[in-house]
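The structure appears right after this line, and notes come after that.
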Amino acid sequence: MTMIFEPKATPTVDIAGTDKKFPVNRIYCVGLNYVDHVREFGEDPAKIKPVYFMKPGDAVVANGVDVPYPSHTKNFHYEIELVVAIGKRASFVSEADAENYIYGYAVGNDLTRRDMQLALKDKGMPWDPSKGFDMSAPISTIHQASAIGHPKHGRIWLSVNGDVKQDSDIDQMISGTAKIISELSELYTLEPGDLIFTGTPSGIGPVVSGDLMEAGIDGIDTLTTRVR
Ligand code: MN
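What follows is the structure in structure tokens.
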């Protein structure tokens, strides 16, 4: 078979403690998955369910790499999130079985054109360009579950220029990782290489050119990203 052009290289994420790479397939994201964030977003936690959306796989950005301030926004936001890396094909898996499909965990930042997202949301329209733009998914190295286990607790935090803006615990997630994998695996066939950004706690806010975002989840890793 002859391709009409050379396909783009597969995006990858480094795996901690090895010289190996995790080839990225799709990036799934969960919105509205921490009660305090649902409230700050102006929604009633009793009436809302976590929502799923996607970013392109090639939106990943390695730890320490600058991101550009994107076009078409005047309100560019950070969102610190626990990321799950899928290691096995998963279709209609139960919550009880879901951890068997996890390769590892990372720290991610779900960068967002917030003004665009809110305008699209108000109109009931898809919010893809507010979430799935180029370089919108900074991510730390992936830590294998075989090394760190399956974290259920741990401080999750993000600071901008040294000021802590988000500070919570991953035990505050409304849907845990097993429930997310089970639900997503009924909507899509999850494949090795898929990443799942599992939602952000409260404290979301803007960054401007030059700002330094430092973030982390205890027991997993840290992630540093500057806006250029
Ligand atoms: Mn998010």
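Taking the working numbering, the leading residue of the sequence shown gets 1104, the next gets one more, and so forth. Where a beta carbon is used, it is the ideal one built from N, C-alpha and C, also for glycine. Treat the numbers as computed from the prediction; the structure is a model and nothing was measured.
Close beta carbons around residue i, own chain, < 6 Å, minus the five adjacent residues each side
| i | result |
| --- | --- |
| Pro1159 | Gly1235 |
| Ser1088 | Shown here, the chain extends from 1104 to 1331; a query on residue 1088 therefore has no answer. |
Those residues which DSSP pairs with residue i across a bridge
| i | result |
| --- | --- |
| His1180 | Thr1215, Pro1309 |
| Asp1324 | Ile1320 |
| Gly1207 | Ala1188, Gln1247 |
| Ala1155 | Rather than Ala, the amino acid found at residue 1155 in this sequence is Tyr. According to DSSP, Tyr1155 bridges with Val1133. |
| Phe1300 | Cys1132, Val1186 |
| Ala1165 | Ile1242 |
| Ile1223 | According to the sequence as given, residue 1223 is Leu; it is not Ile. The partner list for Leu1223 (beta bridge, DSSP) is empty, contrary to what the question assumes. |
| Ala1332 | Residue 1332 lies beyond the stretch modelled for the chain, which goes from 1104 to 1331, so this question has no answer here. |
Nearest candidate by alpha-carbon position, reference residue i, set the options
| i | options | result |
| --- | --- | --- |
| Ser1312 | Ser1174, Val1163, Met1104, Pro1148 | Ser1174 |
| Gly1120 | Val1187, Met1106, Arg1129, His1246 | His1246 |
| Gly1265 | Asp1314, Phe1300, Asp1324 | Asp1314 |
| Thr1325 | Trp1260, Gln1275, Ile1273, Asp1297 | Trp1260 |
| Pro1114 | Lys1124, Gly1279, Ile1107, Met1106 | Lys1124 |
| Gly1319 | Ala1281, Gly1296, Gly1190, Lys1268 | Lys1268 |
| Ile1307 | Pro1148, Tyr1181, Thr1280 | Tyr1181 |
| Ala1199 | Pro1229, Gly1257, Thr1280 | Thr1280 |
| His1256 | Ala1222, Asp1321, Tyr1206 | Asp1321 |
| Tyr1208 | Leu1221, Thr1244, Pro1229, Leu1223 | Thr1244 |
| Val1190 | Tyr1206, Lys1111, Ile1183 | Correcting the residue identity first, residue 1190 is Gly in this sequence and not Val. Of Tyr1206, Lys1111, Ile1183, the residue nearest in Cα terms is Tyr1206. |
| Ile1118 | Val1210, Ile1107, Ala1112 | Val1210 |
| Ile1183 | Arg1258, Met1104, Asp1122, Ile1107 | Arg1258 |
Same chain, Cβ closer than 7 Å to residue i, five either side skipped, listed in chain order
| i | result |
| --- | --- |
| Met1219 | His1175, Thr1176, Pro1232, Ser1233 |
| Met1157 | Arg1129, Ile1130, Tyr1131, Cys1132, Gly1235 |
| Lys1337 | Any answer about residue 1337 is impossible in this case: the structure gives the chain only from 1104 up to 1331. |
Cβ neighbours of residue i in the same chain (closer than 8 Å, five flanking residues each side left out)
| i | result |
| --- | --- |
| Phe1179 | Tyr1172, Pro1173, Leu1214, Thr1215, Arg1216, Arg1217, Pro1309, Val1310, Val1311, Val1330 |
| Leu1135 | Val1141, Phe1144, Glu1146, Ile1151, Lys1152, Pro1153, Val1154, Ile1277, Gly1302 |
| Pro1148 | Val1138, Val1141, Arg1142, Ile1277 |
| Ser1197 | Ser1285 |
| Asp1169 | Thr1328, Arg1329, Val1330, Arg1331 |
| Leu1290 | Tyr1155 |
Whether residue i touches residue j by CB criterion (8 Å)
| i | j | result |
| --- | --- | --- |
| Asn1212 | Met1316 | yes |
| Asp1139 | Ser1262 | no |
| Val1164 | Ile1299 | no |
| Gly1167 | Thr1327 | yes |
| Ser1271 | Ala1201 | no |
| Ile1323 | Pro1254 | yes |
| Ala1162 | Ser1249 | no |
| Pro1126 | Gly1252 | no |
| Glu1109 | Arg1192 | no |
| Leu1185 | Ile1273 | yes |
Counting only runs that start and end within the stretch 1256 to 1296, where is the beta strand (DSSP E) found for 3 or more residues in a row?
-> 1258 to 1263, 1266 to 1272
Taking only runs of the beta strand (DSSP E) that begin and end inside the stretch 1112 to 1147, which ones reach a length of at least 3 residues, in chain order?
-> 1115 to 1117, 1124 to 1126, 1130 to 1134
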